[in-house]
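Chemist: My questions all concern the structure below.
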Amino acid sequence: ASGQADAMKLFSTGKLKISGDVMASQKLGFLKDVDLKGAAAAPAPAAAPAAGGAPTSAGVFAAIGRHVASHPEIAAKVKKVFQFRLSEPESVWTLDLQNAPGTAVAGEAAPAQCTLAMTDADFVAMASGKADAMKLFSTGKLKISGDVMASQKLGFLKDVDLKSAGGAAPASAPAAPAAAPKPAAEPAAPKVFAALGRRFAEAPALAAELGALVQIKVSEPDGRWLVDARTSPATVAEGASAEAAATVTLRDADLAELARGASAQSLFQRGRLRVDGDVRVAHRLGFLKGLL
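See the structure below:
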């Protein structure tokens, strides 16, 4: 808003996300003419503690820190560093169990092997037993990256006493940010792109439908694939290219959904598929349907 950051750069790096009628965002050029002289104000006050003495994220991490400090055997067994990235409002917390007795502190205090991302409200709800960690994970509200299996070592969190975490904890034990399901033994991407290569070879006319070089970045597990439909028949190969007209980013599981018939638009609107560059490419991903 103040001209210190470029909107296109924010968009291309994923820091600005646009959903719905993406092209309508191009009509916001008039914002550069807004007078910001009166926009300066005192910084907003820090968020007040939750009403009714409910636990706060800061209180929960303080309680976790006290718990691991009094139970050094936890760090001796876990030997991992976890990072919790909370949003709305944003905060970062490091649970360092690499060495006994272990610590839980604000900020990126140590390189993390496993990162868990969710909203502040969902974290507090999960810690206090009001939300189920597995349900949050399966609905995309809890995202785990890095050493996903390490999250299975967080079961001890159910034993943390939250009475001093900002208010009395509910009578039921808080749910642990529980173990994510094991990733599929065989990722879907190699099968999908092998099938896509065969489809292009059997139907050369499909190249005209896409008509561009597209990079598809897959995560969990990571992979990079190039779909080159600039000539017929189109080709598919592993790799990356700066010449790509668009880059599509999604998880391996979401790629499998596309290959089974899911709508790219639906995944985009739910934040599970991102398109950088020529966003019109997202409307041409129908060629992936039926590959699994």
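One point on numbering: in the working numbering, the residue at position 251 of the sequence shown is 280, and numbering is uninterrupted. Yeah, the Cβ is synthetic: ideal placement off N, Cα and C, and Gly gets one too.
With DSSP run on the structure shown, which of helix, strand or coil describes residue 280?
Modeler: Strand at residue 280.
Chemist: Is there contact here, the segment 120-137 with the segment 154-168, by at least three beta-carbon pairs under 8 Å?
Modeler: The segment 120-137, when compared against the segment 154-168, does not touch it at the 8 Å Cβ threshold.
Chemist: Please state whether the Cβ-Cβ distance between residue 109 and residue 146 is less than 8 Å.
Modeler: Cβ distance not < 8 Å, so residue 109 and residue 146 don't count as in contact.
Chemist: Can you tell me the Cβ-Cβ gap for residue 141 and residue 175, rounded? I've got them flagged as a contact below 8 Å.
Modeler: With 8 Å as the limit, residue 141 and residue 175 qualify as a contact, their Cβ atoms being about 7 Å apart.
Chemist: Across which residues does DSSP place residue 174 in a beta bridge pair?
Modeler: BP columns for residue 174 point to 144.
Chemist: With a 10 Å radius around its C-beta and 16 neighbouring C-beta atoms as the bar for buried, classify residue 112 as buried or exposed.
Modeler: Answer is buried; the Cβ neighbour count reaches 16.
Chemist: Identify, in the order they occur along the chain, each residue of the same chain with its Cβ nearer than 7 Å to the Cβ of residue 283, setting aside the five sequence neighbours on each side.
Modeler: Around residue 283: 296, 301 and 302.
Chemist: Grab the span of the alpha helix (DSSP H) containing residue 296 for me, first residue to last.
Modeler: From DSSP, the alpha helix (DSSP H) with residue 296 extends over 293-298.
Chemist: Excluding the 5 residues flanking residue 130 on each side, which residues of the same chain have their C-beta closer than 7 Å to its C-beta?
Modeler: For residue 130, where only same-chain residues beyond five positions count, the Cβ hits under 7 Å are 97, 98, 101 and 104.
Chemist: For a test of the three-state rule: what should DSSP assign to residue 302, helix, strand or coil?
Modeler: The answer is strand: DSSP assigns residue 302 an E or B state.
Chemist: Is residue 306 closer than 8 Å to residue 273 when the C-beta atoms are compared?
Modeler: Yes. Within cutoff.
Chemist: If you draw a straight line from the alpha carbon of residue 178 to that of residue 52, how long is it in whole angstroms?
Modeler: Going from the Cα of residue 178 to the Cα of residue 52 covers about 40 Å.
Chemist: If you draw a straight line from the C-alpha of residue 291 to the C-alpha of residue 317, how long is it?
Modeler: Spanning the two alpha carbons is a distance of roughly 10 Å.
Chemist: Quick check on residue 58: buried or exposed, where buried means 16 or more other Cβ atoms within 10 Å of its Cβ?
Modeler: Classification of residue 58: exposed, given that the 10 Å Cβ count is below 16.
Chemist: Could you tell me the alpha carbon to alpha carbon distance between residue 293 and residue 149, rounded to whole angstroms?
Modeler: Residue 293 and residue 149: Cα-Cα distance of roughly 29 Å.
Chemist: Please list the terminal residues of the continuous alpha helix (DSSP H) segment that includes residue 113.
Modeler: No alpha helix (DSSP H) holds residue 113; the beta strand (DSSP E) holding it covers 110-116.
Chemist: Please determine, among 268, 269, 259 and 279, the residue with the shortest C-alpha to C-alpha distance to residue 250.
Modeler: Nearest option by C-alpha distance: 279.
Chemist: Between which two residues does the alpha helix (DSSP H) containing residue 149 stretch?
Modeler: Its alpha helix (DSSP H) spans residues 149-156.
Chemist: Is the distance from the Cβ of residue 320 to the Cβ of residue 221 below 8 Å?
Modeler: Yes. Within cutoff.
Chemist: For residue 240, collect the residues of the same chain with a Cβ closer than 6 Å to its Cβ; drop the 5 residues on either side in sequence, then sort them by chain order.
Modeler: Same-chain partners within the cutoff: 258.
Chemist: For residue 160 and residue 54, what's the separation of their Cα atoms in angstroms?
Modeler: Distance between the alpha carbons of residue 160 and residue 54: 35 Å.
Chemist: Sorry if obvious, but does the Cβ on residue 163 come closer than 7 Å to a heavy atom of the ligand MN?
Modeler: The ligand MN is not part of the structure shown, which contains no ligands of any sort.
Chemist: Which residue spans inside the segment 237-267 form an unbroken beta strand (DSSP E) run of at least 3?
Modeler: 242-248, 252-257 and 264-267, all fully within the segment 237-267.
Chemist: Taking C-alpha atoms, which residue in 48, 128 and 43 lies nearest to residue 299?
Modeler: Of 48, 128 and 43, the residue nearest in Cα terms is 48.
Chemist: By DSSP, does residue 125 sit in helix, in strand, or in coil?
Modeler: Of the three classes helix, strand and coil, the one that applies to residue 125 here is strand, per DSSP.
Chemist: Does the distance from the C-beta atom of residue 270 to that of residue 242 stay below 8 Å?
Modeler: A contact, by the Cβ cut-off of 8 Å.
Chemist: Taking residue 65 as the reference, which of 39, 30, 89 and 34 has the closest Cα?
Modeler: For the residues 39, 30, 89 and 34, the minimum Cα distance to residue 65 belongs to 30.
Chemist: Candidates 226, 151, 245 and 162: which alpha carbon is nearest residue 115's?
Modeler: Here the closest residue by C-alpha is 151.
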